[in-house]
Amino acid sequence: MFLPFLRWLDLRGSKGLMRTPDFTGMPNLEYLNLSGCTSLKKVHHSLGCSRKLIRLDLSHCKSLERFPCVNVESLEYLTLQYCSSLEKFPEILGRMKPKLDISVEGSKMRSHFPGWLTVLDLSSLKNLVSLPSSIGMLKSLVKLNISGCSKFESLSEGIGDLGNLESLDASYTLISQPPSSIIQLNKLKSLSFVKQKTGGGLVDGVFFVFPHMNEGLRSLEELDLSY
């Protein structure tokens with residue numbers, strides 16, 4: 061399919077759609093809406109070549125397990141709200157524009173205004189197990205929330221590249237040992253690895269190792285390692 065002038069593709073509510081088309085023939089695509097495609101399981105890898113993509117909506121794609129990559133060269137808005145089957149956050153390709161806004165939220169939408177990417181909320185994505193090392197490319201990130209991701213096992217060393225991060229909530233996950241690079245987050249003020257289940261029960265057999273802080277985490281004000 062070659063649609064060289066296509067800029068806007070709206071497939072929202074296509075409940076029978078199981079996979080997206082090949083985007084190679086859509087070099088000028090700017091807006092892609094796949095929200096409410098409840099049977100969608102796979103996003104074609106060619107989406108990573110969509111260098112002009114501005115807005116990508118994958119909210120309420122409850123069957124979506126993974127998609128390989130997302131190009132942030134032009135991207136201003138991305139939402140994965142209520143993608144409850146998502147197993148892996150996509151690899152991040154391209155160089156970010158100096159100013160943009162991307163909302164990637166698991167539980168609560170954020171209004172779309174120009175500015176830095178500051179919030180990445182992936183809370184309660186029950187099948188998410190990890191984030192790619194390329195997460196470190198989101199240099200302006202201030203808040204990262206993966207709380208309630210009950211299958212999430214480990215943070216990559218790339219987390220240490222998030223030099224502006226102030227809040228990291230990894231409560232109710234399977235993380236047993238944060239990466240050593242976490243001590244590089246010298247703007248981090250709030251850090252949580254709570255191991256108590258939301259229902260009140262305790263997680264059995266938890267083994268947790270916190271890295272030696274040495275001279276790191278200089279701004280830390282709140283550290284919650286309860287249970």
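Going by our numbering, 84 is the number at position 24 of the sequence shown; the sequence numbering is gapless. Cβ atoms here follow ideal geometry from the backbone N, Cα and C, with glycine treated the same way.
Proximity to residue i [Cα-Cα], best of the options
{"i": "Glu226", "options": "Tyr287, Ser252, Pro239", "result": "Ser252"}
{"i": "Lys101", "options": "Lys112, Met86, Ser74", "result": "Ser74"}
{"i": "Gly108", "options": "Tyr91, Phe127, Ser95, Ser123", "result": "Phe127"}
{"i": "Ile114", "options": "Lys255, Leu191, Asn131", "result": "Asn131"}
{"i": "Thr98", "options": "Glu125, Ser106, Pro81, Asp82", "result": "Glu125"}
{"i": "His272", "options": "Ser240, Lys247, Glu282", "result": "Ser240"}
{"i": "Ser112", "options": "Ser123, Cys121, Tyr137", "result": "Note that residue 112 is Lys in the sequence shown here, rather than Ser. Out of Ser123, Cys121, Tyr137, Tyr137 has the C-alpha closest to the C-alpha of Lys112."}
{"i": "Ile152", "options": "Ser145, His120, Cys143, Ile195", "result": "Ile195"}
{"i": "Lys247", "options": "Ile235, Ser106, Ser200", "result": "Ser200"}
{"i": "Leu280", "options": "Lys249, Lys255, Asn274, Val269", "result": "Lys249"}
{"i": "Gly9", "options": "Ser231, Arg278, Asn274", "result": "This structure does not reach residue 9, given that the chain is present from 61 up to 287, and the question cannot be answered."}
{"i": "Met197", "options": "Met61, Thr178, Ile206", "result": "Thr178"}
{"i": "Ser123", "options": "Phe62, Phe270, Gly96, Ile206", "result": "Gly96"}
{"i": "His120", "options": "Ser145, Ser110, Glu133", "result": "Ser145"}
{"i": "Leu283", "options": "Val254, Gly276, Val269", "result": "Val254"}
{"i": "Gly154", "options": "Leu140, Ser110, Glu147", "result": "Ser110"}
Cβ pair residue i, residue j closer than 8 Å
{"i": "Gly220", "j": "Gln244", "result": "yes"}
{"i": "Leu89", "j": "Phe149", "result": "no"}
{"i": "Arg79", "j": "Asn93", "result": "no"}
{"i": "Leu215", "j": "Leu191", "result": "yes"}
{"i": "Leu118", "j": "Leu135", "result": "no"}
{"i": "Phe212", "j": "Thr233", "result": "yes"}
{"i": "Cys209", "j": "Leu180", "result": "no"}
{"i": "His104", "j": "Cys129", "result": "no"}
Where residue i falls, given that 16 or more other Cβ within 10 Å makes a residue buried
{"i": "Met86", "result": "buried"}
{"i": "Leu285", "result": "exposed"}
{"i": "Gly76", "result": "exposed"}
{"i": "Asp70", "result": "exposed"}
{"i": "Phe83", "result": "buried"}
{"i": "Asn205", "result": "buried"}
The beta strand (DSSP E) enclosing residue i, as first and last residue numbers
{"i": "Arg67", "result": "Run containing Arg67: none; DSSP gives neither H nor E here."}
{"i": "Asn274", "result": "Counting along the chain, Asn274 falls outside any beta strand (DSSP E), and DSSP gives it neither H nor E."}
{"i": "Val130", "result": "129-131"}
{"i": "Thr139", "result": "137-139"}
{"i": "Ile114", "result": "No beta strand (DSSP E) holds Ile114; DSSP gives it neither H nor E."}
{"i": "Tyr91", "result": "91-93"}
{"i": "Leu153", "result": "151-153"}
{"i": "Asp221", "result": "Segment: none, Asp221 is in no beta strand (DSSP E) and carries neither H nor E."}
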